[in-house]
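Each remark here refers to the structure printed beneath this line.
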Amino acid sequence: MKRERVSVGAVIMVPSLLIGEATVSDVVRRLRAAREVMQKPTFGLFRKRNPEVMSAILELAFPDSDAVVDADVLHSRFDALLDELVAAGERVPQRRDGEDGSRITGRELCRELLGDKLLGRPADTDSYLLTPAAVQAQEIIGRLRVDRPLANSSRLNAILQAARDLSRLTTVDRTDRLAQLDSDIVSARARVDELVVERDRIAAGGEIDVADYGALIESYTHLDDLVRRLPTDLARVRESIDAEHRRTIAELRSDERSTGQAVMDHLDKTGSLLLDTPEGQAFQGVRELLADPTRLASLRIDLDTILSHAVFQEALRPDEQDALAHTPSRLRVNMGLVQEKLDRAMSTLSGYIVSRGLVSERELGRVLNDLGRALTTVLDGNPRAVIDLDVLPEGIELKYLRERFDGSIAEPDPQDLADTWADQPEPPSLAELVALGGPRPETLRHVVDNLADRPSSSLAEVFNDLPVEFRRPVELWGLWQAAASSGFDFVSCGTTEEFHVVRPDGSSATFVADRILLSPGQIWYLQSMGAS
Numbered sequence: 344m345k346r347e348r349v350s351v352g353a354v355i356m357v358p359s360l361l362i363g364e365a366t367v368s369d370v371v372r373r374l375r376a377a378r379e380v381m382q383k384p385t386f387g388l389f390r391k392r393n394p395e396v397m398s399a400i401l402e403l404a405f406p407d408s409d410a411v412v413d414a415d416v417l418h419s420r421f422d423a424l425l426d427e428l429v430a431a432g433e434r435v436p437q438r439r440d441g442e443d444g445s446r447i448t449g450r451e452l453c454r455e456l457l458g459d460k461l462l463g464r465p466a467d468t469d470s471y472l473l474t475p476a477a478v479q480a481q482e483i484i485g486r487l488r489v490d491r492p493l494a495n496s497s498r499l500n501a502i503l504q505a506a507r508d509l510s511r512l513t514t515v516d517r518t519d520r521l522a523q524l525d526s527d528i529v530s531a532r533a534r535v536d537e538l539v540v541e542r543d544r545i546a547a548g549g550e551i552d553v554a555d556y557g558a559l560i561e562s563y564t565h566l567d568d569l570v571r572r573l574p575t576d577l578a579r580v581r582e583s584i585d586a587e588h589r590r591t592i593a594e595l596r597s598d599e600r601s602t603g604q605a606v607m608d609h610l611d612k613t614g615s616l617l618l619d620t621p622e623g624q625a626f627q628g629v630r631e632l633l634a635d636p637t638r639l640a641s642l643r644i645d646l647d648t649i650l651s652h653a654v655f656q657e658a659l660r661p662d663e664q665d666a667l668a669h670t671p672s673r674l675r676v677n678m679g680l681v682q683e684k685l686d687r688a689m690s691t692l693s694g695y696i697v698s699r700g701l702v703s704e705r706e707l708g709r710v711l712n713d714l715g716r717a718l719t720t721v722l723d724g725n726p727r728a729v730i731d732l733d734v735l736p737e738g739i740e741l742k743y744l745r746e747r748f749d750g751s752i753a754e755p756d757p758q759d760l761a762d763t764w765a766d767q768p769e770p771p772s773l774a775e776l777v778a779l780g781g782p783r784p785e786t787l788r789h790v791v792d793n794l795a796d797r798p799s800s801s802l803a804e805v806f807n808d809l810p811v812e813f814r815r816p817v818e819l820w821g822l823w824q825a826a827a828s829s830g831f832d833f834v835s836c837g838t839t840e841e842f843h844v845v846r847p848d849g850s851s852a853t854f855v856a857d858r859i860l861l862s863p864g865q866i867w868y869l870q871s872m873g874a875s
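Per our numbering, the sequence shown runs over residues 344 to 875.
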């Protein structure tokens, strides 16, 4: 304790805290802590012009704390909400450079909120989301609203359970620990007996007890409060990863420590962030939940049961029902954003390490710099001065000297490529290229024209009468596809027929396929599609 004189004849006792070489009283320390907290982006919402207007607009523009809204949609929403407030006679933020007193536009408001770190932008997307700072500010306002219950039985039960769990962890006395375990066993047995009696009563035809409206709404409020906090915690994890990533890159650029030390420190702090902090523990809990199919299925069943109750179907808005029903998918999306942030941070870090150079190269650079400084002594001396010159000047620390070097520099250049322009083969003719190509429209046109003149002939009969250049094997695939497009039913074919084809090399072959006899309507369809 330290005595400080504040007035004549008055001495008060001020608690003090030793920081370094200075002693700071509790009130000054608390002032500094409060000032540091007040500088966070969370309180930026309350320092803005018309903070109550900003709070109402953000609450309506983002139905969920983890909602991602397209940029154009959010600009339009902000404009519509601002116009509605102006029509109601409310004061809204004005344009900073507006001389006519016009209100701020939705796009300008988004840009302003981005600068205040109340809005964020997901990577590689043209959209917006609320930052944890904005969500915290909204939670502060929500806690002070008169229509929000300050305490309920669910919250009190959670407090009692947390106190009981902490008491178990802090108990080190054997007798007290045994007493706690005996009490837990008695409570568990009583609970089991109670459940057995209730099951037997219902199995015997007894009525199921129906919870009253107040108890259901109270439990839902507690559940909704817990669910809404998880996306915010995961968003804080993303921000913490970003901050740690920026710190590591700054250390690497300052060259104060080696790459290995900076990377190891980054991995340690990232691991601590994901394990030791409250939001990191929430991250681990969500990851374990999403990795456990049994618990995830149980959660979905519980949510479906809740939403199927008549009270919640009437009391909850459609957006509230949808938000609760999609809780697992929302958690999965937020986990994906955290993992994406980790991947991007590690990718950027690895790229920077590769571009920064190897440790051995930096060591060689330091040795050369030291040699340069040592040689200045020789250069500063006059011609008659006698200077001791060792092989390695004193004061130079050489931890590693490379003895093997890349020998590829001494290798001769490869020989010039030989000029084989005169040995190139003759290019194929157009006829050869056409012969090796796919089905030709001319073949289909000839077949359709002949079928129009000979409606009783089959496809094979007309094809076999074509000139040789139109009877390649590949032409059959074009004809069959055209017959299918005209509506011909291949399933109804009862007989087969032979297609005599001629390959581009002059050899012939015979294909046996279904007999295709097109109707006049099908022939007309092919003609109308441009086959003739």
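From the three backbone atoms N, C-alpha and C, an ideal C-beta is built for every residue, glycine too.
Because the structure is a prediction, the values reported are computed rather than measured.
Using 8 Å as the cut-off, can you tell me whether the segment 798 to 810 makes contact with the segment 834 to 844, which would need three or more C-beta pairs spanning the two stretches below that distance? Counting C-beta pairs with one atom in each stretch, the segment 798 to 810 and the segment 834 to 844 have three or more that are closer than 8 Å, which means they touch.
Looking at C-alpha atoms only, which residue of R571, D665, Q870 is the closest neighbour of A625? The residue given as residue 625 occupies position 282 in the sequence shown. The shortest CA-to-CA distance from A625 to any of R571, D665, Q870 is the one to R571.
Run through DSSP, which three-state label would G463 get? By 1-based counting over the sequence shown, the position of residue 463 is 120. G463: strand per DSSP, three-state reduction.
Three-state secondary structure assigned by DSSP to V371: Numbered from 1 along the sequence shown, position 28 holds the residue referred to as residue 371. Correct three-state label for V371: helix.
Looking only at its chain, what residues have a beta carbon closer than 7 Å to the beta carbon of I551, apart from the 5 residues adjacent to it on each side? In the sequence shown, residue 551 corresponds to position 208, counting from 1. Here the set comprises I545.
Let's test the definition: count the other Cβ atoms within 10 Å of the Cβ of T591 and tell me whether it reaches 16, buried, or not, exposed. By 1-based counting over the sequence shown, the position of residue 591 is 248. Burial call: buried.
Would the beta-carbon of D415 fall within 7 Å of that of G449? Position 72 of the sequence shown, counting from 1, holds the residue named residue 415. Position 106 of the sequence shown, counting from 1, holds the residue named residue 449. No, the Cβ-Cβ distance between D415 and G449 is not below 7 Å.
Can you tell which of A640, L819, M397, F813 has its C-alpha closest to the C-alpha of R420? The sequence position of residue 420 within the sequence shown is 77, counting from 1. If we check each option's Cα against that of R420, M397 comes out closest.
Would you report the Cα separation of P384 and A399, rounded to the nearest angstrom? Here the question's residue 384 lines up with position 41 in the sequence shown. Here the question's residue 399 lines up with position 56 in the sequence shown. P384 and A399: Cα-Cα distance of roughly 18 Å.
Terminal residues of the beta strand (DSSP E) in which V412 lies: The sequence position of residue 412 within the sequence shown is 69, counting from 1. Bounds of the beta strand (DSSP E) holding V412 are 411 to 413.
Identify whether V553 lies in helix, strand or coil by the three-state DSSP scheme. What you label residue 553 is simply residue 210 of the sequence shown in a count that begins at 1. Coil at V553, not helix or strand.
Pairwise C-alpha distance: I584 and E364: To locate residue 364, count along the sequence shown from 1; it is residue 21. To locate residue 584, count along the sequence shown from 1; it is residue 241. Only weak support exists for where E364 lies, its pLDDT of 42 falling under 50; the coordinates are left without a value.
Between the Cα of D555 and those of V654, S862, E582, spot the shortest distance and give me the residue it belongs to. For the purposes of this step, residue 555 is identified with residue 212 of the sequence shown, where counting begins at 1. Distance from the Cα of D555 is smallest, within the candidate group V654, S862, E582, for V654.
Reference G485, options S408, L616, I649, A852, closest by Cα: As a working note, residue 485 is residue 142 in the sequence shown. Cα-wise, what sits closest to G485 is S408.
Does the separation of the CB atoms of L877 and P394 fall below 7 Å? Here the chain covers residues 344 to 875 and nothing more, so residue 877 does not appear.
Using the Cα positions of Q656 and G548, report the straight-line distance between them to the nearest angstrom. If you number the sequence shown from 1, residue 656 lands on position 313. If you number the sequence shown from 1, residue 548 lands on position 205. Pairing Q656 with G548, the inter-Cα distance amounts to about 27 Å.
How many whole angstroms separate the CB atoms of V429 and R454, which I take to be in contact at a CB cut-off of 8 Å? In the sequence shown, residue 429 corresponds to position 86, counting from 1. In the sequence shown, residue 454 corresponds to position 111, counting from 1. Not confirmed; about 20 Å, so no contact.
Run through DSSP, which three-state label would F626 get? Within the sequence shown, numbered from 1, the residue matching residue 626 stands at position 283. In the three-state reduction of the DSSP assignment, F626 falls in the helix class, which pools H, G and I.
In angstroms, rounded to a whole number, what distance separates the CA positions of T615 and P475? In the sequence shown, the residue the question calls residue 615 occupies position 272. In the sequence shown, the residue the question calls residue 475 occupies position 132. For the sequence presented, residue 615 should be read as Ser rather than Thr. Near 20 Å, if we compare the C-alpha coordinates of P475 and S615.
The beta strand (DSSP E) enclosing F842, as first and last residue numbers: Residue numbering aside, residue 842 sits at position 499 when the sequence shown is read from its first letter. Where F842 is concerned, the enclosing beta strand (DSSP E) starts and stops at 839 to 845.
Alpha carbons only, please: which of M381, F386, A410 is nearest the one belonging to H669? Stepping through the sequence shown from its first residue, residue 669 is reached at position 326. Closest by alpha carbon: A410.
G715 to V721, Cα distance in whole Å? Position 372 of the sequence shown, counted from the first residue, corresponds to residue 715. Position 378 of the sequence shown, counted from the first residue, corresponds to residue 721. When the Cα atoms are used, G715 and V721 turn out to be separated by approximately 10 Å.
Under the three-state reduction of DSSP, which class applies to V357: helix, strand or coil? Your numbering for residue 357 matches position 14 in the sequence shown. Low local confidence applies: a pLDDT of 46 at V357 is under 50, so the model's placement there is unreliable, and no value is given.
Just verifying my parser: in three-state terms, what is the DSSP assignment at R815? Along the sequence shown, read from residue 1 onward, the residue named residue 815 stands at position 472. Reduced to three states, the DSSP call for R815 is coil.
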